[in-house]
Amino acid sequence: MAEFSYVKIRNFINGQWQTEPDAPVKPLYNPSTGEQIGEVPMSGAKTCEAAIATAWEAYQSWRELPIAKRLVYIFKLRDAMVRNHEKLAQGIAWDQAKHISEARGEVQRVIEIIESAAGASSTIQGDTLDQVSGSISAKVVKQSLGVFGGVAPFNFPALVFGWFIPYALLAGDTFIFKPSTQSPYFMQLMCEIFQEIELPAGVVNVIHGDRSIPGTWYEDPRMAGVCLVGSTPTAKKMAEGCARGAKRSMLLGGAKNMLLVMEDANLDVFVDNFINSCYGSAGQRCLAGSIVAAVPEIYDEVIERIVEASKKVKVGDAFDPEVYMGPLISRAAADNVINYVDIALRHGKCELLLDGRHPDLPEKNRNGYFVGPTIIKDVTPCNPLFTTEVFGPLVATIKVADMDDALSLIRASEFGNGACIFTQNAYYAERFGRLADVGMVGVNVGICAPHPYVPFGGIKGSLLGTNKVQGKEGMDFFLQNKVITLRTHPPKGVAASGVKPSAVRSCVAS
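If you count the sequence shown from 1, you need to add 5 to reach this note's numbering.
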C-alpha cells in the first residue's frame, strides 16, 4: 500500500490547479477507518463561470483539431493510465474504500473503455446522397456540439470518467467534470495525468462542490449538454433543468435488480454470482442484485445456500487482501442500511436470516462504516425493502410462482436497470430476455454489465435523457448531425445541361 498523506483537493481549470480563497471546505474521510484524510472545496459561482468560459474558449480550437490528432491524446491517456494503474487503484481504495481488488478492476475497465472509444471514432463518419435533385447533393456530417458537463457518483469515480470524457473529447467537445465530494481523489490523480500528456488547457476541467454546480449549466448558452450517474430523484431534477435550458441530457438513475433462480439452475454457478452481485462494492452499485427470487421447487435450497455462502464473506479494510467486502461510503450510508432492516421487519412477516449490522472488525477499523452481509427472507412486493434502492449489502428474498410471476414484479417496478435469470433452459432464457422490462439482462451472470463495446443503461426510472453510455450510442450523444445541401454549377462558359426547370414548386431545394 502506498503512503497517503492529508490531501487538499483542488480544482483544475485551464490546465492549472486553482483554489477559491473564500470557498468553504468539506471534510474527506477514509471509510475503512473513519478518519479524516483531507478536505474538498465547495466551489462558488465565480469558479463555475471560470470553468465554463475556459471550456468554451478551448472548444473553439479543439473542435478544429483533426480526429487523428485527438486520437493521439486518447492513446496517450490510455498509456498513462496503464503506467499508473496501481496508483489509481490505490487512490480509489483510499477515499472511496472499494476493496483494492475491485478498484484494480475498475481502473482496468476504464482502460478498456478508452480503447473501445478510440475504435468508436470510426462511427463519426457521415453520409452522402448524390444527385438528390438535378445537380444537388445532400451530405450528413457529424460534428461536435460544444461544452458538456458531467456529474459523477461516489461509487465509481473512475468508471464514470471513462463513460463521459473520452467519448466527448473524440467527438470534438470539451468537458467540465464534477466528481463526488466523497470520492474526489481519483480525478485529482487524473488531472496530474492530463498535465503529463500535455492535454491542451481547458479541454477537460474539474471542479468540486455541491449540487449548485450543475445548476449553473442549464441556462448557459455555451453548455451543450449534461451527463449524470446518480439517483433517480437527482436525475429527474437534472432532466427538468436540462429541459428548461434546451440541453442534451444523458442521466442514469437508480435501480432495484432481481436475480431469478429457476428450478433447473446450476446452484454452484448461481451462488458464486450471487456473492459478487450482492456484496461486490459493498452492494453500492446500480447493477447489484438486491432481490433474490426463486421458484417453489428450489426456494428453500436457494435460501440455505446463500445464507451459508454469505456467512463466509469477510468484511474489513479495503486494503486487506484477505477481505472480500469493504465498508460503505459514509456513516449515513451505513445507518441507512441498518434503518431499512428495521423498516422491513416492522412492515410484514419477513424473517431476518443473517444480521450483518455489527460485524466483527479489527481495532483500526472499529470507527469505519461497515455493515456485513444481511439477508431478509420472504419480503413481500409491498414492503419498502422490495421497492427502494437501499445501496448496501442488504438482500431481500421472495418466492415466486413461476417466471411470469417474476416478470410481472419486474414490470411493476419504478426502475428498469437490470435483471438476471439463472437457468439451463433455452426457452426460459429467451423468454426472460425478451420480456423483462429492463435495459440490461443477464443469463447465468449476476452483474449484467455490458462490455465497453455496447451501450450501458436501463429504462423507466433508471434512465432519463436521450442516450445510454459507451459504445456507438455513447459516442452519438456527443455529436450532432448536420445536413448540407449543395448545388454545383458548370464552370462559367460551359453550356447548360439542357435540364428544364419544373413547373411544380417544391418545398425543398430543387
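Glycine included, every Cβ here is placed at the ideal spot set by N, Cα and C.
All values derive from a computational prediction rather than experimental measurement.
Classify residue i as buried or exposed, calling it buried when 16 or more other Cβ atoms lie within 10 Å of its own Cβ.
i	result
residue 417	exposed
residue 332	buried
residue 401	buried
residue 121	buried
residue 6	exposed
residue 547	This structure cannot speak to residue 547, because the chain is shown only from 6 to 515.
residue 271	exposed
residue 127	exposed
residue 382	buried
residue 34	buried
residue 456	exposed
residue 354	exposed
residue 116	buried
residue 252	buried
residue 204	buried
residue 491	exposed
Kindly indicate which residue of the options has the alpha-carbon position closest to the one of residue i.
i	options	result
residue 69	378, 150, 338, 355	150
residue 286	399, 227, 254, 201	399
residue 424	431, 430, 415, 432	415
residue 392	66, 252, 295	295
residue 32	335, 369, 403	335
residue 76	359, 156, 202, 195	202
residue 472	242, 347, 290, 233	233
residue 44	144, 119, 193	193
residue 293	179, 160, 119, 178	160
residue 113	125, 124, 317, 97	97
residue 88	30, 49, 198	198
residue 365	321, 115, 380	321
residue 256	264, 357, 268, 241	241
residue 316	324, 280, 350, 337	280
residue 135	110, 488, 496	488
residue 388	368, 47, 372, 356	356
residue 92	361, 8, 429	8
residue 238	253, 226, 216	216
residue 13	100, 369, 80, 78	100
residue 266	53, 403, 79, 54	403
residue 36	15, 177, 330	330
residue 47	349, 74, 185	185
residue 119	16, 15, 85	85
residue 380	439, 361, 370	361
residue 290	41, 142, 453	453
residue 106	325, 339, 447, 376	325
residue 310	273, 376, 449	273
residue 71	42, 176, 141, 367	176
Determine the contact status of residue i and residue j, defining contact as a CB-CB distance below 7 Å.
i	j	result
residue 229	residue 165	no
residue 411	residue 298	yes
residue 466	residue 419	yes
residue 397	residue 312	no
residue 451	residue 278	yes
residue 359	residue 386	no
residue 182	residue 155	yes
residue 244	residue 469	yes
residue 484	residue 144	no
residue 235	residue 158	yes
residue 462	residue 443	no
residue 108	residue 94	yes
residue 260	residue 20	no
residue 303	residue 268	yes
residue 437	residue 275	no
residue 39	residue 372	yes
residue 162	residue 191	yes
Starting from residue i, trace the beta strand (DSSP E) both ways and give me its first and last residue.
i	result
residue 445	445–448
residue 322	First-last for residue 322: undefined, no H or E at that position.
residue 68	Note, residue 68: premise wrong, no beta strand (DSSP E); not H, not E.
residue 210	209–211
residue 473	Per DSSP, residue 473 belongs to no beta strand (DSSP E) and is neither H nor E.
residue 517	The requested residue 517 does not occur in the structure, where the chain is confined to residues 6 to 515.
residue 275	Not the beta strand (DSSP E): residue 275 falls in the alpha helix (DSSP H), residues 272–284.
residue 292	Residue 292 -> no beta strand (DSSP E), and no H or E assigned at all.
Measure from the C-beta of residue i to each C-beta in chain C and report whether the shortest distance is under 7 Å.
i	result
residue 80	The question asks about chain C, but that chain is absent: this structure has only one protein chain.
List the endpoints of the continuous alpha helix (DSSP H) containing residue i.
i	result
residue 348	336–352
residue 195	190–201
residue 315	304–315
residue 242	237–250
residue 263	Per DSSP, residue 263 belongs to no alpha helix (DSSP H); it is in the beta strand (DSSP E), 262–266.
residue 432	431–440
residue 408	408–417
* Asked: Is the stretch 165–172 in contact with the stretch 16–36, if contact means three or more CB pairs nearer than 8 Å?
  -> Too few Cβ pairs lie closer than 8 Å, so no.
* Are there three or more Cβ pairs, one per stretch, closer than 8 Å when the stretch 473–488 is compared with the stretch 431–442? -> No: the two stretches stay apart, fewer than three of their Cβ pairs being nearer than 8 Å.
* Asked: Do the stretch 53–63 and the stretch 210–217 touch if we need at least three Cβ pairs shorter than 8 Å?
  -> Touching, yes, given that three or more Cβ pairs across the two stretches are closer than 8 Å.
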